[in-house]
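Report on the structure given below.
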Amino acid sequence: MRPGVKNAIRTPVEELVSGMVIARNVYELESEKILLYAGSVLDSVTIFNLKERYNIENVWIKTDISSDSLKQQMKAEIDVHESLNTLKEVFGKDEETPITELTEEAAEQIDMLADDLLDSIDTDDNLLLKMHQLQSYDDYTYKHCLRVAMMAVSIGKQLKLSREQLRDLALASLLHDIGKRMISIDIIRKPSKLTSDEFDEVKKHPALGYRLLKEHGGYSQEVMNAVLMHQEKYDGTGYPLAFKGEEISYLARIITVADVYDALTSNRPYRQPWSVAEAEEFMMGGSYTHFDYDIIVAFLAAFAPYPIGGKVLLNDGRRATVINTTANVLRPCIRVENSDGTTEDIDLYNDFNHLTLTIIKNIK
Ligand SMILES: [Fe+2]
């Protein structure tokens, strides 16, 4: 495993003082413009501008303090906007130009992002909600990789992986498709069906990613194998090695589940995204052929916070039964029990008359 490089703490702008050193690039809100580069030393004018002119709320400050107590005080939450900007830099901003190496700076950024993901799975209840909000109408590789990473660590947590395995899983899933950035963008973004030569080219991406990590050095064999094998299928019909079952790296089998689910539920130029329910059904149908059954079970558990048939408590005090899924796993269709004994069916996702109604928790 790569050594940790996280000597930074997320600090509210009100608590900044001159002389502090910025640990990560600070971006203008809602844009990719960098306001301050990592390594900049703060002065009072800069602090004032961050607060008053740019409305920045938090920045990462370098610190040598790494005690567990301090880490516990930090409210670990993944900042999707910041994470996307980080990944975009790692994957190369100019997507017309294929990348040829993983720079040291990019590797450090990925390390920090993996740490953020790990910290957030224990404390950020909205991780899956944020993952779903990240669904978008384009298919940029770096966005796909962030969604897959958020999903993969959630599955990994469900599978009770060790901290070290989860960190390897986070690193591998963030980087699983980096090999695609070494292939011509015309093939990767081609909106129509690929020719067999083009498909052969795409099929090189796991091995290219593996080579990139190997050449950079410092990655565990588990991380590199997970990148290499994420396109394998459980029945041996995948690529590049056509490995079967447990020959395929465990972490790769987890990434495959997250990867396919994300592909199905994302928009593509040639088709509409599948609903959560349709995608889950497809995934269940693929147990033992495409996927490892045990991982599918963990995936369904991780992604069905409110399973069909389960009882839930609503924020207005009423009880309800979940009767169907929607595109948002946190806002399913429910049958509400009124105090006069009547029931009412509500689609929490599509019915805008009930925007303020939310599920608080599962009940028996
Ligand atoms: Fe892939």
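Position 343 (the sequence shown) corresponds to 1160 in the numbering used here; numbering is contiguous.
Where a beta carbon is used, it is the ideal one built from N, C-alpha and C, also for glycine.
{"Query": "Can you tell me where the beta strand (DSSP E) holding K1178 begins and where it ends?", "Result": "I1176 to I1180"}
{"Query": "What is the DSSP secondary structure of N1167, counted as helix, strand or coil?", "Result": "coil"}
{"Query": "Closer than 7 Å: is that where the CB of D1076 sits relative to any heavy atom of ligand 1?", "Result": "yes"}
{"Query": "Just list the alpha helix (DSSP H) runs in the segment 1037-1120, keeping only unbroken ones of 4 residues or longer that don't cross its boundaries, in chain order.", "Result": "1038-1046, 1067-1082, 1093-1102 and 1110-1120"}
{"Query": "Does the distance from the CB of L1165 to the CB of R1148 come in under 8 Å?", "Result": "yes"}
{"Query": "So, using beta-carbon positions, are K1020 and Y1078 closer together than 8 Å?", "Result": "no"}
{"Query": "For A825, which beta-bridge partners are listed by DSSP?", "Result": "K879"}
{"Query": "Do you know whose CA, among D911, L1081, M929 and G1102, lies nearest I1002's CA?", "Result": "D911"}
{"Query": "Helix, strand or coil for E1161 per DSSP?", "Result": "strand"}
{"Query": "Expressed to the nearest angstrom, what Euclidean distance is found between the alpha-carbon atoms of K1178 and L1130?", "Result": "6 Å"}
{"Query": "Less than 8 Å separating the beta-carbons of L901 and K960?", "Result": "yes"}
{"Query": "Per DSSP, which one or two residues make a beta bridge with C1150?", "Result": "N1141 and D1164"}
{"Query": "Counting only the same chain and skipping the five closest in sequence on each side, list residues whose C-beta sits under 7 Å from that of D1133.", "Result": "L1174"}
{"Query": "Counting Cβ pairs, one atom from each stretch, are 3 or more of them under 8 Å apart for the segment 1026-1045 and the segment 986-999?", "Result": "yes"}
{"Query": "Does the separation of the CB atoms of L853 and L904 fall below 8 Å?", "Result": "no"}
{"Query": "Flag this pair as yes or no: are the beta carbons of E922 and Y844 separated by less than 8 Å?", "Result": "no"}
{"Query": "State buried or exposed for A1059, treating a residue as buried only when at least 16 other CB atoms are found within 10 Å of its CB.", "Result": "exposed"}
{"Query": "Counting C-beta neighbours from all protein chains within 10 Å, is the total for N1167 16 or more, i.e. buried, or is it exposed?", "Result": "exposed"}
{"Query": "Take D885 and list the residues in its own chain whose beta-carbon comes closer than 6 Å to its own, dropping the five residues that flank it on each side.", "Result": "Reliability of the predicted coordinates at D885 is poor, the pLDDT of 46 falling under 50, and the value obtained from them is presented with this limitation in mind. Counting only Cβ-Cβ distances below 6 Å, and skipping sequence neighbours, we find nothing."}
{"Query": "What residues in its chain sit with their C-beta under 6 Å from that of V1074, if we drop five residues either side in the sequence?", "Result": "F1108, I1112 and F1116"}
{"Query": "When you compare each of A931, F1169 and I1000 to E913 by their alpha carbons, which one comes out closest?", "Result": "I1000"}
{"Query": "Please report the distance separating the alpha-carbon of D896 from that of D933.", "Result": "9 Å"}
{"Query": "Looking at the secondary structure, which residues open and close the beta strand (DSSP E) in which L1130 lies?", "Result": "K1128 to L1131"}
{"Query": "Run through DSSP, which three-state label would V838 get?", "Result": "strand"}
{"Query": "Would DSSP call Y959 helix, strand or coil?", "Result": "helix"}
{"Query": "Within a Cβ cutoff of 8 Å, which residues of the same chain sit near K879, ignoring the five residues on either side of it in sequence?", "Result": "N824, A825, M837, V838, I839 and A840"}
{"Query": "Taking the DSSP output, what are the residues bridged to V858?", "Result": "V838"}
{"Query": "How far does the alpha helix (DSSP H) with L986 in it reach, from first residue to last?", "Result": "R980 to L992"}
{"Query": "How many angstroms separate the CA atom of N866 from the CA atom of G973?", "Result": "41 Å"}
{"Query": "How far does the beta strand (DSSP E) with L853 in it reach, from first residue to last?", "Result": "I851 to L853"}
{"Query": "Specify, as a first and last residue, the run of the alpha helix (DSSP H) that N1005 falls within.", "Result": "According to the sequence displayed, residue 1005 carries Ile and not Asn. Here the alpha helix (DSSP H) through I1005 covers I1002 to I1005."}
{"Query": "Can you tell me the Cβ-Cβ gap for S1066 and E1095, rounded? I've got them flagged as a contact below 8 Å.", "Result": "Contact flag wrong, Cβ pair sits at about 28 Å."}
{"Query": "How long is the line joining the alpha carbons of E1064 and L919, rounded to whole angstroms?", "Result": "28 Å"}
{"Query": "To the nearest angstrom, report how far apart D860 and S835 are at their CA atoms.", "Result": "4 Å"}
{"Query": "Quick one: does the C-beta of Q1048 sit closer than 7 Å to a heavy atom of ligand 3?", "Result": "By its list of ligands, the structure shown excludes ligand 3, since it contains just ligand 1."}
{"Query": "What separation, rounded to the nearest whole angstrom, lies between the Cα atoms of D1162 and N1170?", "Result": "12 Å"}
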